[in-house]
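Undergrad: Dropping the structure in here first, questions after.
Protein chains: 2
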Amino acid sequence: MSEFERETAVSEVAPLHYASELHRGWRIGKVPNGGYVLAIAGRALRAALPHRDPLTVSAFYLAPTRLGPVECRVEILRRGRNTSHAMARLYQDGELKVQVTAAYVDLDSVQGQSWSACRAPDLPPMVECLENRRSELEFHQRLDLRLASGSSVFTSAGPDRSGEFSGYVQHRDGTAADVLSLLMFADAFPPPVFSLFGVLGWVPTVELSVQIRAHPAPGPLRARLYSRFLTRGVVEEDGEYWDSEDTLVALSRQTALVRIPDGSQ
Amino acid sequence: MSEFERETAVSEVAPLHYASELHRGWRIGKVPNGGYVLAIAGRALRAALPHRDPLTVSAFYLAPTRLGPVECRVEILRRGRNTSHAMARLYQDGELKVQVTAAYVDLDSVQGQSWSACRAPDLPPMVECLENRRSELEFHQRLDLRLASGSSVFTSAGPDRSGEFSGYVQHRDGTAADVLSLLMFADAFPPPVFSLFGVLGWVPTVELSVQIRAHPAPGPLRARLYSRFLTRGVVEEDGEYWDSEDTLVALSRQTALVRIPDGSQ
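These protein sequence lines are chains G and F, in that order.
Going by my numbering, the first sequence runs without a break in its numbering and finishes at 361.
Going by my numbering, the second sequence runs without a break in its numbering and finishes at 361.
Shown next, in the form of structure tokens:
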């Protein structure tokens with residue numbers, strides 16, 4: 097069992113009521129990564145629903161989570177032949193921390209036309225990318241992130257003003273990414289505003305939505321996460337995730353809040 | 097009172113329980129426009145919450161709505177000083193049709209840094225755009241939509257293969273757009289896949305999320321709605337909405353299902 101599987105495991109303690117735990121290894125500062133937390137909700141939803149794969153998932157982050165036990169209560173909204181819908185709520189000490197809504201399908205049964213306006217990003221080989229294993233980020237104990245662009249902000253060169261990070265991501269233990277880990281990888285890159293203003297503190301997520309398109313082929317994912325519009329401290333972060341066979345496997349969008357301390361930029 | 101205000105009005109029949117009605121004038125075929133339905137939920141949320149303006153709203157469409165009475169039940173998830181969170185559920189005949197989650201703020205109190213990678217789209221004057229008042233679309237009784245690009249699919253010229261529509265939108269009765277009408281305008285353009293495959297039938301929305309950035313200044317909005325990735329019939333539709341003063345007022349993303357009939361390409 098991979099670290100990710102073990103540390104996102106859920107156990108059903110009553111009908112549609114799941115117990116899990118937020119483990120060390122996934123935190124940004126003191127707060128478990130939002131994508132990691134979402135993956136636990138995603139696993140509970142998979143256990144509860146007749147379909148296995150998230151098609152689109154939206155999570156609202158109401159309060160920061162912390163290490164330790166987490167309760168996940170699922171409510172099924174609709175069971176359809178091809179799609180089922182449910183809501184999952186994550187509580188700690190009785191406080192609602194994250195509210196998730198999702199549509200689940202069996203991705204292998206999805207059929208229809210395909211078309212794309214964009215190809216997978218053309219990145220330099222992984223060995224040439226900066227391994228972003230900053231010691232202060234516990235998250236990088238689990239996440240192997242190699243930045244192909246935007247990394248200068250983590251060096252003396254400073255921000256490249258691009259509003260974008262791109263690179264490779266994979267599980268640190270080398271296990272293959274599945275669709276539930278895509279929920280985690282969707283919150284894995286540094287906030288693109290770092291490339292504008294330098295490394296800021298915590299950039300809290302208001303909402304994170306992830307659209308899953310395919311089961312990823314084994315191997316590192318290539319991804320880009322970018323922001324285009326920062327409006328009075330509110331920013332979107334849009335992500336695209338491609339597998340080793342050049343298939344788009346997920347899109348993401350989050351709304352986050354940016355607080356720039358005096359003296360930055 | 098504008099048509100939009102009158103036809104999205106809600107009345108509180110019990111605590112956090114609102115009655116409304118889906119009116120004629122807003123349908124695509126037999127189904128009321130998803131953005132119009134979302135605006136009703138948005139108005140109920142405004143009535144229930146201490147903050148007035150949606151910051152980010154996510155709606156899952158579980159079953160098609162129809163004309164007539166609609167029940168909206170709001171559950172408040174968290175009341176914060178700057179942000180409050182709630183869920184709204186829309187029912188018809190006791191059936192859950194739409195599930196909405198939202199973060200509300202007072203937009204005028206939002207403060208922070210601004211930056212943009214993109215400007216408002218440079219469109220030809222509104223009088224030069226095709227007025228998309230196709231008689232078969234009841235929705236155009238309420239929506240004044242002028243396409244600046246992509247309109248060829250509605251003429252003998254056929255699809256332009258761009259994956260995008262751009263143009264102007266405003267209320268048909270000439271009233272100014274407010275933040276709740278942005279929820280409706282976020283579902284106002286034709287599905288961008290029409291520009292690839294020609295005019296298809298109904299393209300059902302799985303999820304629609306709207307991120308509001310500012311109160312729009314009076315005047316028509318300029319907008320673009322585009323798709324980049326169609327994967328086995330699943331497509332994202334991303335929108336950007338600008339006011340007459342070149343301010344980005346909203347972003348949108350929806351996940352939709354595309355069924356291409358035999359004989360189309």
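By construction, the Cβ of each residue, glycine as well, lies at the ideal position given by its N, Cα and C atoms.
On a predicted model such as this, the values are computed, not experimentally measured, just so you know.
Rounded to the nearest angstrom, what separates G/GLN361 and F/GLN209 at their Cα positions?
TA: Unreliable placement is indicated for G/GLN361, whose pLDDT of 47 sits below 50; the coordinate value is still reported in the next sentence. Approximately 11 Å between the Cα atoms of the pair.
Undergrad: Could you spell out the range, first to last residue, of the alpha helix (DSSP H) harbouring G/GLY130?
TA: 130 to 144
Undergrad: Are G/LEU317 and G/VAL265 closer than 7 Å when you measure CB to CB?
TA: yes
Undergrad: Who are the near neighbours of G/VAL109 in its chain, counting only those whose CB is closer than 8 Å to its CB and skipping five residues on each side?
TA: Cβ contact annotation for G/VAL109 (same chain, cutoff 8 Å, sequence separation greater than five): ALA115, in chain order.
Undergrad: DSSP state of G/VAL189, grouped into three classes?
TA: Going by the sequence as given, residue 189 of chain G is Asp instead of Val. Three-state result, G/ASP189: coil.
Undergrad: Please determine, among F/ALA182, F/PRO312, F/LEU347 and F/THR301, the residue with the shortest C-alpha to C-alpha distance to F/GLU341.
TA: Measuring from the Cα of F/GLU341, the nearest candidate turns out to be F/PRO312.
Undergrad: Taking CB distances under 7 Å as the criterion, tell me whether G/GLU341 reaches chain F.
TA: no
Undergrad: Below 8 Å between beta carbons is the criterion; list the residues of the stretch 159 to 187 of chain F that meet it against any residue of chain G, in chain order.
TA: ALA159, LEU173, ARG174, THR179, HIS181 and MET183
Undergrad: Determine the closest residue to F/PRO286 out of F/THR104, F/GLY315 and F/PHE250, with distance taken between C-alpha atoms.
TA: Looking at the Cα atoms, F/PHE250 is the closest of the given residues.
Undergrad: If F/VAL194 and F/ALA155 are in contact, beta carbons under 8 Å, what's the gap, nearest whole angstrom?
TA: 6 Å
Undergrad: Give the straight-line distance between the Cα atoms of G/VAL206 and G/VAL275, rounded to the nearest whole angstrom.
TA: 15 Å
Undergrad: DSSP three-state call for F/MET97: helix, strand or coil?
TA: It is coil, neither helix nor strand.
Undergrad: Between F/PRO255 and the rest of its own chain, which residues show a CB-CB distance below 8 Å, the 5 nearest in sequence each way excluded?
TA: SER248, VAL249, PHE290, SER291, LEU292, PHE293 and GLY294
Undergrad: For F/SER245, which residues of its own chain have a beta-carbon under 6 Å away from its beta-carbon, when the five flanking residues on both sides are left out?
TA: SER262
Undergrad: If F/LEU219 sits next to G/PHE325, beta carbons under 8 Å apart, how far is it from one beta carbon to the other, in whole angstroms?
TA: In fact, because the Cβ distance is near 18 Å, the residues do not count as touching under 8 Å.
Undergrad: Flag F/GLY131 as yes if its beta-carbon sits less than 7 Å from any beta-carbon of chain G, otherwise no.
TA: no
Undergrad: Please list, in chain order, all residues of the same chain as F/ALA159 whose beta carbon is under 7 Å from its beta carbon, the five residues on each side excluded.
TA: GLU191 and LYS193
Undergrad: Please classify F/SER277 as buried or exposed, where buried requires at least 16 other C-beta atoms within 10 Å of its C-beta.
TA: Around the C-beta of F/SER277, 16 or more other C-beta atoms lie within 10 Å, and the residue is accordingly described as buried.
Undergrad: DSSP state of F/LEU278, grouped into three classes?
TA: Look at F/LEU278 here: in three-state DSSP terms it is helix.
Undergrad: So with Cβ pairs under 7 Å, would you call F/ALA105 a contact of chain G?
TA: no
Undergrad: Look at the alpha carbon of G/VAL299 and the alpha carbon of G/ARG355, and state the distance between them as a whole number of angstroms.
TA: 7 Å
Undergrad: Determine which residues of the stretch 211 to 239 of chain F have a Cβ less than 9 Å from any Cβ of chain G, and write them out in chain order.
TA: TRP211, SER212, ALA213 and CYS214
Undergrad: Does DSSP put G/GLU234 in a helix, a strand or coil?
TA: helix
Undergrad: Apart from the five residues just before and just after F/GLY315, which ones in its own chain have a Cβ nearer than 6 Å to its Cβ?
TA: SER340
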